Structures are given as C-alpha cells and as structure tokens.
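Read through the structure below, which is laid out as structure tokens, and then see the notes.
Numbering (my numbering), first residue to last: 93 to 396.
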C-alpha cells in the first residue's frame, strides 16, 4: 500500500455538546453515506486509503473524535463514552442522509456499535474492526475490583498526568519511529502519512501528538461494558466484525459475544494486528466491498 496521492477531502466543523469537532468530507454527496470512525489516539486521516478506495461509490465522511485530530479537547479533560456516542448521533443528524453505513475501528467501533443499538433505524450496515471491548474474562477481572480502589487509581493517575510534560519529538522521523513501534506491520510510507497528519509542531520546532494526553485515563464507570450486550442485541442491520490474528483482541465467536448479535459475520485476517485495515489493506477492502455490495444487492432484490 503506497502513500495516498489522489483525491483530497475538504475539512468541516460542527458543534456537539459545546465542543467544536472536525470531520473530513470526501465528496460525491449524491452517493450512499459511509462514515469512518477512527480509534483511540488516532485521527480521521488514518482512513485516507480506505476513503480513496470507496469515495467513487460512497459519500465518505471521516470525523475526528473529540480530543483527537483537529477536534477540540474537552475543557475538563474528561472523556465519557456517552459523549462520543452523542457526537456521532449529532453528526448523523446533521448529514440528514440516514440510513447510513458506519465503519469503526477499536474505540470507533465501540462507539459505532452503541449508536447502532440506540438508533437501529438509522443504520444500513455497520462494520466493527476490533470494537467489542474487553473479553468477558478480562471484563470480570475489572468488575471484581472494589469501586473505591478504581476511583483512587483514576484520581492518582490524573494527578500524575497533570504533572507530566507531554512527550516531544525533535524530528518528524523520531515521531515516525514511535508510530512504527506501536504497529510493527506499518511500512515507512504508511507511518509517515499517519504521523504527518497526527502531530502538531511546537514553538521550539519539536513535534507532539494531536490527541489529548488525558485520553489515557477514562473516568470510572465511563465504559459501561457490562451493558454492551443490550446494545448489540438491538442492532438489526447486517454487521461485519473484523479481527486480526496477531492482535490482543479476543475472538468474539469463541468467547460468546457474537451470540448477542442478530445478523453478524466474523472475518479474521491473518498476519494482521489491531490495525488490520492498515496491515492487510487489500484484503480488508475486498472483504468490506463484498459486504457492502452484497447487502446492497440483497436490499435491491427485497425492494423488487
């Protein structure tokens, strides 16, 4: 996969919960709407390859989540899942083109699946790339911790973050090196593209990541993962779940989480980690296109 060169999106902003949030519009507004939601500590330009592959057939929109990319940081440094879902709901309503198709990665997948369960009538299809959260076993371990211990750990962690100086990189190459440390599957070209769009330059010439460092610690009870099956069971559109074979994520077909979906299919990608849409881009696009086009053809036959 080479660095993207063709097609350029336009930048737009909208307001949600008094926050100024940014999104990219890849044009083709008469085509079916397709929203791409990135993961934590990432940004909308992470979807450039996917957007360019699909922009001729879909109206692709890629938002920057609050605290990420070119969207505003939360004034109090608090990031609640409910706020992320509200932001997505606000964007869908502003586009006024539902039902929409949503593809989400990691945190973006978790947000998208919650939205799909809340507003099933607004979804045509949904794709979650490792967006189901913790495995049932990991979740039980977390729940078994006493609530006061969790709250104390969070407060101590936030105070430590306030005292910590955000990491700076003397050169763009140093930041690219850090990007490749996070995902060893990335090529130099991929890492350079993701880094260029993921950093701001400081007054002294160094670089820092655009995302809010306070994203490192979600507030106690912010996730609400115990209630996730209630959201999943209300999704009535076709759902594609994607998993990287080299990822830390648990297989939802094996741990039982997939049973909560009405109409879900799982695809596992070999030689791919958590960012499988980068690691196995061609295979991912092939699977994604097949899923989108198959469902469209089925819908057309049903309409006839």
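Glycine included, every Cβ here is placed at the ideal spot set by N, Cα and C.
Just so it is clear, the structure is predicted and the values come from calculations on it, not from any experiment.
Suppose contacts are defined by Cβ-Cβ distances below 9 Å. Is residue i in contact with residue j by that definition?
i	j	result
residue 158	residue 113	yes
residue 290	residue 144	no
residue 342	residue 349	yes
residue 126	residue 384	yes
residue 363	residue 277	yes
residue 183	residue 115	yes
residue 177	residue 194	no
residue 304	residue 135	no
residue 258	residue 189	no
residue 268	residue 283	yes
residue 212	residue 319	no
residue 218	residue 180	no
Just the C-alpha distance for residue i and residue j, rounded to the nearest angstrom, thanks.
i	j	result
residue 192	residue 376	20 Å
residue 354	residue 152	26 Å
residue 310	residue 124	34 Å
Closest by CA to residue i, which one among the options?
i	options	result
residue 149	118, 139 and 161	118
residue 296	122, 310 and 263	263
residue 163	169, 347 and 155	155
residue 251	272, 212, 284 and 308	308
residue 249	373, 292 and 312	312
residue 365	306, 239, 273 and 166	273
Residues in its own chain within less than 7 Å of residue i by CB, not counting five upstream and five downstream?
i	result
residue 110	none
residue 347	227 and 228
residue 356	331, 333 and 350
List the whole-angstrom C-beta distance separating residue i from residue j, where the pair is believed to meet the contact cut-off of C-beta under 8 Å.
i	j	result
residue 223	residue 200	7 Å
residue 298	residue 260	4 Å
residue 206	residue 323	5 Å
Leaving out the 5 sequence neighbours to the left and right, which residues in its chain are closer than 8 Å to residue i when beta-carbon positions are compared?
i	result
residue 359	332, 333, 334, 335 and 379
residue 392	With a pLDDT of 38 at residue 392, under the threshold of 50, the modelled position of that residue is not reliable, and the figure given next carries that caveat. Within the same chain, residue 392 has no close Cβ partners at all.
Take residue i and list the residues in its own chain whose beta-carbon comes closer than 6 Å to its own, dropping the five residues that flank it on each side.
i	result
residue 133	303
residue 104	115 and 117
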